[in-house]
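All remarks here apply to the structure that follows.
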Amino acid sequence: MSNLADKTEYKALNIIAQMVKQYEKLHYLDMTKEDDWNATNARNLLQSIIQNNEYKINYNRNSKKSILKTKLCKPIFSDR
1350 MSNLADKTEY
1360 KALNIIAQMV
1370 KQYEKLHYLD
1380 MTKEDDWNAT
1390 NARNLLQSII
1400 QNNEYKINYN
1410 RNSKKSILKT
1420 KLCKPIFSDR
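Next comes the structure, spelled out in structure tokens:
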């Protein structure tokens, strides 16, 4: 299925993000309870791959990037 590596390739994360976006189209379609449960679990697993690699899905239709690097939050209170 894939080549195993120490880090998941950016292109692979892009493909996974596109797959997650396709799951959004299931919202309007009829599915059995079991199929919906399985599809939701699959979507969540794919989304966790993206998040574990410190990216998030970009839902902006005007952008060509499928994923965005997660920015680390700066602490509100800092020790001066």
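In case it helps, this note's numbering puts the sequence shown at residues 1350 to 1429.
Using N, Cα and C, we set each Cβ at its ideal position, and we do this for glycine too.
It should be emphasised that the depicted structure is a prediction, and the values quoted were computed from it without experimental measurement.
- Separation of residue 1404 and residue 1398 (C-alpha to C-alpha, rounded to the nearest whole angstrom) is 9 Å.
- The three-state reading of DSSP puts residue 1405 in strand, counting E and B together.
- The Cβ neighbour count for residue 1366, taken over all protein chains shown within 10 Å, is at least 16; the residue is labelled buried.
- Ranking 1363, 1356, 1357 by CA distance to the CA of residue 1413 puts 1363 first.
- Judged by DSSP in its simplified three-state form, residue 1418 adopts strand.
- Here the alpha carbon of residue 1415 sits roughly 14 Å from the alpha carbon of residue 1402.
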